[in-house]
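Q:
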Amino acid sequence: MSWEWQVFLNDDGSGRTYLEWIIQAWGWTLSVAACAWVLSVSFGVVIGTLRTVTKYPWVVLAGNIWVEVFRNIPILVQVFLWYFVLPRIFPSMQHWSGFVLVVLALGFFTSSRIAEQVKAGINALPRGQGMAALAMGLTPLQSYRYVILPMALRVILPPLTSESMNLLKNSSVAFAVSIPELTMFAMQAQEETSRGIEIYLAVTLLYAVSAFAVNRLMAALERHLQIPGAGSASGSDKAAVPSISGGH
Amino acid sequence: MGGLDLSFFSYEIISKFVLKGLYFSIALTIGSTIGGVILGTVLALMRLSGRRSLSSIAVVYVNGMRSIPLVMVILWFFLLMPTIIGHSIGAETSAFITFIAFEAAFFSEIMRAGIQSISKGQVMAAQALGMSYAQQMKLVVLPQAFRNMLPVLLTQTIVLFQDTSLVYAIGAYDLLKGFVTAGKIYGRPEEAYLLATVVYFVICFSLSSWVKRIQAKISIIR
Numbered sequence: 319m320s321w322e323w324q325v326f327l328n329d330d331g332s333g334r335t336y337l338e339w340i341i342q343a344w345g346w347t348l349s350v351a352a353c354a355w356v357l358s359v360s361f362g363v364v365i366g367t368l369r370t371v372t373k374y375p376w377v378v379l380a381g382n383i384w385v386e387v388f389r390n391i392p393i394l395v396q397v398f399l400w401y402f403v404l405p406r407i408f409p410s411m412q413h414w415s416g417f418v419l420v421v422l423a424l425g426f427f428t429s430s431r432i433a434e435q436v437k438a439g440i441n442a443l444p445r446g447q448g449m450a451a452l453a454m455g456l457t458p459l460q461s462y463r464y465v466i467l468p469m470a471l472r473v474i475l476p477p478l479t480s481e482s483m484n485l486l487k488n489s490s491v492a493f494a495v496s497i498p499e500l501t502m503f504a505m506q507a508q509e510e511t512s513r514g515i516e517i518y519l520a521v522t523l524l525y526a527v528s529a530f531a532v533n534r535l536m537a538a539l540e541r542h543l544q545i546p547g548a549g550s551a552s553g554s555d556k557a558a559v560p561s562i563s564g565g566h
Numbered sequence: 033m034g035g036l037d038l039s040f041f042s043y044e045i046i047s048k049f050v051l052k053g054l055y056f057s058i059a060l061t062i063g064s065t066i067g068g069v070i071l072g073t074v075l076a077l078m079r080l081s082g083r084r085s086l087s088s089i090a091v092v093y094v095n096g097m098r099s100i101p102l103v104m105v106i107l108w109f110f111l112l113m114p115t116i117i118g119h120s121i122g123a124e125t126s127a128f129i130t131f132i133a134f135e136a137a138f139f140s141e142i143m144r145a146g147i148q149s150i151s152k153g154q155v156m157a158a159q160a161l162g163m164s165y166a167q168q169m170k171l172v173v174l175p176q177a178f179r180n181m182l183p184v185l186l187t188q189t190i191v192l193f194q195d196t197s198l199v200y201a202i203g204a205y206d207l208l209k210g211f212v213t214a215g216k217i218y219g220r221p222e223e224a225y226l227l228a229t230v231v232y233f234v235i236c237f238s239l240s241s242w243v244k245r246i247q248a249k250i251s252i253i254r
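Protein sequence lines, in the order shown, are assigned to chains P and W.
Numbering-wise (our numbering), the first sequence opens with residue 319 and increments by one.
Numbering-wise (our numbering), the second sequence opens with residue 33 and increments by one.
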């Protein structure tokens with residue numbers, strides 16, 4: 319078998335080369351993942367925090383329901399749900415683009431996993447931290463904002479890193495609703511060119527490079543946020559947070 | 033509810049289209065859990081063997097599998113298997129091979145953590161009793177590692193069950209495909225997706241509640 323890398327210089331029939339196409343597809347993958355990341359971290363932090371407010375059991379219950387619902391349905395099924403079913407139930411959603419719907423699906427799915435980590439991170443802190451904050455006259459809201467969350471979010475950075483890489487990989491399910499991202503490109507270009515191995519190798523490489531970049535970005539963030547003397551987030555605190563959360 | 037009508041999903045339609053897919057999803061989950069744990073344990077032992085050549089093979093394999101999306105792995109195997117074996121195999125067989133190979137990477141990390149959780153004294157005691165390496169692993173280390181990691185292994189199995197829906201990419205007939213097919217034939221795709229969502233949720237939620245109970249039980253024993 320011989321390589322035929324020049325397949326990437328061929329025209330795909332619409333005036334662009336496969337090389338241009340794969341780069342655009344990479345852009346779609348990164349945009350889907352980046353938008354879903356922002357959504358999932360925002361929701362994950364808020365919901366994970368609410369699940370620790372044991373003073374209001376119904377808030378905890380609502381947070382738990384959120385997590386169980388979004389965690390126990392396969393991501394592909396959730397994508398179909400957002401793309402096909404919800405616009406049928408809520409007609410105003412019919413104008414939303416596929417991109418937005420996939421971002422919502424991926425973002426909420428991942429938010430349930432991040433909420434779980436945030437809750438574990440908060441519970442891993444010594445209880446005295448929150449009590450000391452209240453004793454100093456901070457309101458409960460202030461104690462979360464200035465004492466508990468800054469500590470807890472640093473603790474969960476290592477599991478958040480692997481969850482962010484999972485999110486990037488999970489963005490591949492967007493192919494199922496025809497978002498022109500890398501996996502979609504792989505399937506279509508393989509069929510059109512019948513140079514599947516070259517196409518798949520290039521796509522796989524781009525995924526691996528992106529996952530590695532996410533990993534380095536998060537490591538840089540971790541270094542940047544580290545408080546001298548407060549113990550590194552990847553040190554002894556890590557054991558308190560379940561790091562094997564599954565995923566793919 | 034937005035004109036959705038679930039009533040057409042009769043028992044006949046379910047048993048004609050969905051059950052076949054459900055059986056495949058369950059078989060794929062169980063088969064690749066067993067295969068994945070066995071291959072994963074081998075990989076974990078290779079990694080911990082202390083031999084450079086063996087452990088670097090395991091590291092490259094595990095990290096490689098973990099850095100690419102499962103959908104791409106499924107596509108890769110489906111593309112390459114016919115060229116390796118020499119004749120085409122169905123999407124279902126390809127899915128089995130893919131999931132064993134892919135999940136082994138994840139199970140190997142779990143088993144590695146499990147093996148490392150066993151105190152060194154256990155291995156030393158086994159050596160003092162004159163056991164060979166194989167005996168130490170088979171009789172002393174692995175049974176305990178397996179028990180310590182049981183909740184995590186079961187959690188991963190639930191994740192695996194959810195992942196089986198991704199065989200959609202190569203058109204294998206699983207639970208999701210069963211619903212999609214029924215929805216297409218009867219012109220009710222939205223209802224089919226909605227029912228699929230409910231079924232997946234019920235299965236995964238009951239399984240994860242069961243795993244939580246097992247976890248609580250095991251933590252009391254220790």
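Just so it is clear, CB atoms sit at the ideal spot from N, CA and C, and this is done for glycine as well.
In chain order, what are the residue ranges of uninterrupted alpha helix (DSSP H) at least 4 long that sit wholly in the stretch 53–128 of chain W?
A: Positions of the alpha helix (DSSP H) runs, each at least 4 residues long and wholly inside the stretch 53–128 of chain W, are given as 84–99, 102–117 in order along the chain.
Q: Give the DSSP-derived three-state secondary structure of residue 195 (chain W) in the structure shown.
A: helix
Q: Could you pull out every residue in the same chain whose Cβ sits closer than 7 Å to the Cβ of residue 180 (chain W), ignoring the five residues on either side in sequence?
A: 146, 149
Q: Taking only beta-carbon positions, decide if residue 557 (chain P) is within less than 9 Å of chain W.
A: Interpretation of residue 557 (chain P) is limited by its pLDDT of 41, a score under 50 that renders its predicted location unreliable; the figure taken from the coordinates is listed afterwards. Chain W contact via Cβ: absent.
Q: For the stretch 473–488 of chain P and the stretch 430–446 of chain P, state whether three or more C-beta atom pairs, one from each stretch, are separated by less than 8 Å.
A: yes
Q: Sort P:516, P:487, P:542, P:498 by Cα distance to residue 103 (chain W) and report the nearest one.
A: P:487
Q: Verify the CB distance criterion: does residue 553 (chain P) have a CB-CB separation below 9 Å to chain W?
A: With a pLDDT of only 43 at residue 553 (chain P), under 50, the local geometry of the prediction cannot be trusted, and no value is derived from it.
Q: Excluding five sequence neighbours on each side, which residues of the same chain lie with their C-beta closer than 7 Å to the C-beta of residue 404 (chain P)?
A: 411
Q: Taking three-plus beta-carbon pairs below 8 Å as touching, is the stretch 363–382 of chain P in contact with the stretch 516–535 of chain P?
A: With contact defined as three or more Cβ pairs closer than 8 Å, the stretch 363–382 of chain P and the stretch 516–535 of chain P are not in contact.
Q: Taking the alpha helix (DSSP H) that residue 429 (chain P) belongs to, which residues open and close that run?
A: 416–442
Q: Helix, strand or coil: which one does DSSP assign to residue 189 (chain W)?
A: In this structure, residue 189 (chain W) counts as helix in the three-state DSSP scheme.
Q: Using Cβ-Cβ distances below 7 Å, what residues of the stretch 209–239 of chain W are close to chain P?
A: 221, 222, 225, 226, 228, 229, 232, 233, 236, 237
Q: Quick check for students: name the residue ranges of the alpha helix (DSSP H) that lie wholly in the stretch 376–416 of chain P, counting only runs of 4 or more.
A: 393–398, 404–407
Q: Residue 242 (chain W) touches chain P at which residues, Cβ-Cβ below 7 Å?
A: Ordered by position in chain P, no residue passes the 7 Å Cβ test against residue 242 (chain W), which lies about 12 Å from the chain.
Q: Just to confirm the assignment, what range does the alpha helix (DSSP H) spanning residue 447 (chain P) have?
A: 445–453
Q: Which residues share a DSSP beta bridge with residue 511 (chain P)?
A: As far as DSSP is concerned, residue 511 (chain P) takes part in no beta bridge.
Q: Considering only residues of the same chain and omitting the five flanking positions on each side of residue 357 (chain P), which have a CB-CB separation below 6 Å?
A: 425
Q: On the three-state DSSP scale, how would you describe residue 335 (chain P)?
A: strand
Q: Give the single residue among P:390, P:378, P:364 whose Cα lies nearest to the Cα of residue 195 (chain W).
A: Residue P:390 holds the alpha-carbon nearest to the alpha-carbon of residue 195 (chain W) among P:390, P:378, P:364.
Q: Do residue 90 (chain W) and residue 42 (chain W) have their CB atoms nearer than 9 Å?
A: No. Outside cutoff.
Q: Would you mind reading off the limits of the alpha helix (DSSP H) that contains residue 169 (chain W)?
A: From DSSP, residue 169 (chain W) is part of no alpha helix (DSSP H); its letter is neither H nor E.
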